[in-house]
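Protein sequence lines correspond, in order, to chains A and B.
1 is the number of the first residue of the first sequence in the working numbering; add one for each residue after it.
1001 is the number of the first residue of the second sequence in the working numbering; add one for each residue after it.
The C-beta atom is built at its ideal place from N, Cα and C for all residues, glycine as well.
Have a look at the structure below before the remarks.
Protein chains: 2
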Amino acid sequence: MRVGLDVGGTKTDAVAIDDAGTVVSRVRIATGWGPDAVVATVFEAVRALRGQIDAAWPEFRSVGIGIPGQVVPGTTRVTHAVNLGVDELDLAAAVSPTLGVPVHVENDVKAASLGGYALHGATGRMGYLNLGTGIAAGIVEDGVLMRGRHGTAGEVGHISVDPNGPLCRCGQRGCIEALAGGRSIAERWGRVSALPVLDVFDAADAGDPLATELRNDLAAGAAAAVRVLVLTVDVDTVVLGGGVTNLGTRLLNDIAADLDASATASPFMRSLSLSARVSLLPAGSPAAALGAALLGDARNTEGVLAHG
Amino acid sequence: MRVGLDVGGTKTDAVAIDDAGTVVSRVRIATGWGPDAVVATVFEAVRALRGQIDAAWPEFRSVGIGIPGQVVPGTTRVTHAVNLGVDELDLAAAVSPTLGVPVHVENDVKAASLGGYALHGATGRMGYLNLGTGIAAGIVEDGVLMRGRHGTAGEVGHISVDPNGPLCRCGQRGCIEALAGGRSIAERWGRVSALPVLDVFDAADAGDPLATELRNDLAAGAAAAVRVLVLTVDVDTVVLGGGVTNLGTRLLNDIAADLDASATASPFMRSLSLSARVSLLPAGSPAAALGAALLGDARNTEGVLAHG
Chain A
1 MRVGLDVGGT
11 KTDAVAIDDA
21 GTVVSRVRIA
31 TGWGPDAVVA
41 TVFEAVRALR
51 GQIDAAWPEF
61 RSVGIGIPGQ
71 VVPGTTRVTH
81 AVNLGVDELD
91 LAAAVSPTLG
101 VPVHVENDVK
111 AASLGGYALH
121 GATGRMGYLN
131 LGTGIAAGIV
141 EDGVLMRGRH
151 GTAGEVGHIS
161 VDPNGPLCRC
171 GQRGCIEALA
181 GGRSIAERWG
191 RVSALPVLDV
201 FDAADAGDPL
211 ATELRNDLAA
221 GAAAAVRVLV
231 LTVDVDTVVL
241 GGGVTNLGTR
251 LLNDIAADLD
261 ASATASPFMR
271 SLSLSARVSL
281 LPAGSPAAAL
291 GAALLGDARN
301 TEGVLAHG
Chain B
1001 MRVGLDVGGT
1011 KTDAVAIDDA
1021 GTVVSRVRIA
1031 TGWGPDAVVA
1041 TVFEAVRALR
1051 GQIDAAWPEF
1061 RSVGIGIPGQ
1071 VVPGTTRVTH
1081 AVNLGVDELD
1091 LAAAVSPTLG
1101 VPVHVENDVK
1111 AASLGGYALH
1121 GATGRMGYLN
1131 LGTGIAAGIV
1141 EDGVLMRGRH
1151 GTAGEVGHIS
1161 VDPNGPLCRC
1171 GQRGCIEALA
1181 GGRSIAERWG
1191 RVSALPVLDV
1201 FDAADAGDPL
1211 ATELRNDLAA
1221 GAAAAVRVLV
1231 LTVDVDTVVL
1241 GGGVTNLGTR
1251 LLNDIAADLD
1261 ASATASPFMR
1271 SLSLSARVSL
1281 LPAGSPAAAL
1291 GAALLGDARN
1301 TEGVLAHG
């Protein structure tokens, strides 16, 4: 069995999978703040999974950890995990001696790409587009995650698709993330809300002009990311995940409508049947945790791998 | 030895390479118009190469053909090669029986990507960005061309980067090709010229406002393509080729200046050192012909290959 953890800003999702990749156990616990508490969270999650599992099951063979930060290519070093209060941490070095098994560390969106591929039963080349506070993608082919020497494969959120678009926190104008990222939408909406993107959708339905503009920008940004993935790496399908996809078909219909508008304008775009290639990850899927567990499988590696 | 042909709209460039991939012979002949004349051009080019080569050299083992049209994935069928007067043609079926060796067929930009990788002595993952009448790219990793089931890998020319940009002949607005493609620049310039892009550069230097706008758009479109390649597939380097690159360092400096402007605005973009990763293919390089010859080497294939 293998363990996978998705260490999120508030909750940590943990799964144990058998050799066929089936999830046999899942727990969710609160995530601690700061490096020491994150390490303690990892131990607690592994212990909780072990407690759920019949003693007759084999031992855990590896632990994979998805984390919302940058993982320095070729290492298990996490940097800039600001939502966890972690500036820099070699997570495998911190937990592997105690756990006694190989520990793999990956950016959470990249891990979710691998998990989404498995959950979706995908074949060929798939793009996983994460629509959360920020926007990033992962590309998986035949179950193998595409990385790159610099770790920027899938960083489509900072491609500018409108020189006159909103200012992105990265400093550029009109980035896909500035148009469609949850944080950017919430800031531009400017009203206090627990679920700002949901509010924007509801207010747009009620005819609010700013909400309508923001909702259109969200669809335009996400649709642009789909086009970039298809026209650059020829992904067969694009699976959408991340917090914003809790909006479900309301969001999917908006994105499909934007893709269909470019298909109406352009015979070339029409030939790509883009809206038919896009689907949502089922709500509540343990995509990132499952993908983190799969990091322990040598078949899911590509060249230099970030493992301990 | 292997033969590679770059069947262009006016000229066909042909090379023979030895087993080390070194070009041992090169000829250039005029290309005929229409399917029959294109087939005759292939025979003439192979005959001309054979005539140049010492009888002591081994026989040709394969012929690869790069052609400016779509090659249906998994086949040797060329479609929409409008500059050659070819609507549809199975080129391998037409020439292989006479040539008596395996014939491989590939889109010319894809072939040039493979050849550019070899000529550039590249390692890792390289993007080849072809700036010609149209704009397209090829992605090569460890000498292997990235394709895709639908043949749209590298079709970055039709990614829109400005919703208010010029109308593209594909029907969308603000496509990279509408901003930076040679045909689009010439149409927007609107003056009769043998070398319209060169005219635009000279007129911009002389202060012409329209020429300045077009020249800026060219740099902006090409720079956008570089960003898309790095932020989607994490290419280590981007090599520029195609007719427009005859402008040399005047063009390269413009593109670098655009990349540097986004690096100034954005610490994230600055961390990518984009302008330092871009270079020009040397003028007159037989990139597409060499790449076509390399198609005959099994090491350069990825999954389903378009060969006879």
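Closest Cβ-Cβ distance between residue i and chain B: below 8 Å?
| i | result |
| --- | --- |
| Val-230 (chain A) | yes |
| Gly-138 (chain A) | no |
| Val-156 (chain A) | yes |
| Val-82 (chain A) | no |
| Leu-272 (chain A) | yes |
| Asn-216 (chain A) | no |
| Gly-121 (chain A) | no |
| Ser-262 (chain A) | yes |
| Val-7 (chain A) | no |
| Asp-236 (chain A) | yes |
So what's residue i in DSSP terms, helix, strand or just coil?
| i | result |
| --- | --- |
| Asp-87 (chain A) | strand |
| Gly-1181 (chain B) | coil |
| Ala-1310 (chain B) | Residue 1310 (chain B) falls outside the range modelled here, since chain B spans only 1001 to 1308, and no answer is possible. |
| Met-1001 (chain B) | coil |
| Val-1192 (chain B) | coil |
| Leu-1240 (chain B) | strand |
| Arg-1227 (chain B) | helix |
| His-120 (chain A) | coil |
| Thr-1031 (chain B) | coil |
| Thr-1264 (chain B) | helix |
| Ser-285 (chain A) | coil |
| Asn-1164 (chain B) | coil |
| Val-1023 (chain B) | strand |
| Asp-1208 (chain B) | coil |
| His-150 (chain A) | coil |
| Ala-1136 (chain B) | strand |
| Gly-1069 (chain B) | coil |
Could you give the distance in angstroms between the alpha-carbon of residue i and the alpha-carbon of residue j?
| i | j | result |
| --- | --- | --- |
| Glu-1141 (chain B) | Val-1278 (chain B) | 16 Å |
| Asn-1253 (chain B) | Gly-1181 (chain B) | 17 Å |
| Gly-66 (chain A) | Gly-1190 (chain B) | 54 Å |
| Val-78 (chain A) | Asn-107 (chain A) | 8 Å |
| Gly-303 (chain A) | Gly-74 (chain A) | Only weak support is given to the placement of Gly-303 (chain A): the predicted model assigns it a pLDDT of 39, under 50, and the question is left unresolved by the model. |
| Ala-224 (chain A) | Arg-1026 (chain B) | 43 Å |
| Thr-1123 (chain B) | Ala-1276 (chain B) | 16 Å |
| Ala-283 (chain A) | Leu-1091 (chain B) | 49 Å |
| Trp-57 (chain A) | Ala-292 (chain A) | 20 Å |
| His-104 (chain A) | Pro-35 (chain A) | 17 Å |
| Leu-1084 (chain B) | Glu-155 (chain A) | 38 Å |
| Thr-232 (chain A) | Ser-1266 (chain B) | 23 Å |
| Val-1095 (chain B) | Val-1086 (chain B) | 15 Å |
| Thr-1245 (chain B) | Ala-1055 (chain B) | 38 Å |
| Arg-147 (chain A) | Ala-287 (chain A) | 18 Å |
| Thr-1098 (chain B) | Arg-1047 (chain B) | 12 Å |
Nearest to residue i by CA position, among the options, is which residue?
| i | options | result |
| --- | --- | --- |
| Gln-52 (chain A) | A:Gly-34, A:Val-72 and A:Arg-28 | A:Arg-28 |
| Thr-1133 (chain B) | B:Arg-1149, B:Glu-1088, B:Val-1082 and B:Ser-1096 | B:Val-1082 |
| Gly-1296 (chain B) | B:Gly-1115, B:Lys-1011 and B:Phe-1043 | B:Gly-1115 |
| Val-226 (chain A) | A:Asp-217, A:Asn-216, A:Leu-240 and A:Leu-214 | A:Leu-240 |
| Val-1003 (chain B) | B:Asp-1208, B:Leu-1049, B:Arg-1147 and B:Ile-1139 | B:Leu-1049 |
| Gly-1100 (chain B) | B:Met-1146, B:Asn-1130 and B:Phe-1043 | B:Phe-1043 |
| Ala-219 (chain A) | A:Asn-246, A:Val-228 and A:Ala-257 | A:Ala-257 |
| Leu-1247 (chain B) | B:Ala-1288, B:Asp-1208, B:Asp-1202 and B:Arg-1270 | B:Asp-1202 |
| Asp-217 (chain A) | A:Thr-10, A:Ser-184, A:Gly-207 and A:Thr-31 | A:Ser-184 |
| Asp-234 (chain A) | B:Thr-1031, B:Ala-1016, B:Ile-1139 and B:Val-1046 | B:Ile-1139 |
| Leu-229 (chain A) | A:Leu-129, A:Val-161, A:Asp-18 and A:Arg-47 | A:Leu-129 |
| Arg-1270 (chain B) | A:Val-109, A:Ala-16, A:Gly-171 and A:Leu-280 | A:Gly-171 |
| Val-1007 (chain B) | B:Thr-1212, B:Met-1001, B:Gly-1207 and B:Gly-1032 | B:Gly-1032 |
| Glu-1088 (chain B) | B:Asp-1236, B:Ala-1204, B:Pro-1166 and B:Val-1039 | B:Val-1039 |
| Gly-1242 (chain B) | B:Ala-1016, B:Pro-1068 and B:Phe-1060 | B:Pro-1068 |
Along chain A, in chain order, which residues have C-beta atoms closer than 9 Å to that of residue i?
| i | result |
| --- | --- |
| Ile-1159 (chain B) | Ile-159, Val-161, Ala-224, Arg-227, Val-228, Leu-231 and Thr-232 |
| Asn-1164 (chain B) | Asp-162, Pro-163 and Asn-164 |
Mind checking if residue i is an interface residue toward chain A, Cβ cutoff 8 Å exclusive?
| i | result |
| --- | --- |
| Ala-1306 (chain B) | Only weak support is given to the placement of Ala-1306 (chain B): the predicted model assigns it a pLDDT of 31, under 50, and the value that follows is read from those uncertain coordinates. Taking Cβ atoms only, chain A never reaches closer than 8 Å to Ala-1306 (chain B), which makes this a no. |
| Ala-1153 (chain B) | yes |
| Val-1070 (chain B) | For the record, residue 1070 (chain B) in the displayed sequence is Gln; it is not Val. No, no contact with chain A. |
| Asn-1107 (chain B) | no |
| Gln-1172 (chain B) | yes |
| Asn-1130 (chain B) | no |
Tell me, please, whether the CB atom of residue i is closer than 8 Å to any CB atom in chain D?
| i | result |
| --- | --- |
| Pro-1267 (chain B) | Among the chains of the structure shown, chain D does not appear; the protein chains present are A and B. |
Using a C-beta to C-beta distance shorter than 7 Å, which residues of chain A count as neighbours of residue i?
| i | result |
| --- | --- |
| His-1104 (chain B) | Correct list: empty, because the minimum Cβ distance to chain A is about 20 Å. |
What residues of chain B sit near residue i, judged by a beta carbon separation below 9 Å?
| i | result |
| --- | --- |
| Asn-246 (chain A) | Chain B residues near Asn-246 (chain A): none, gap ~26 Å exceeds 9 Å. |
Given that residue i touches chain A, what residues does it touch there, using C-beta distances under 8 Å?
| i | result |
| --- | --- |
| Arg-1125 (chain B) | Gly-148 and Arg-149 |
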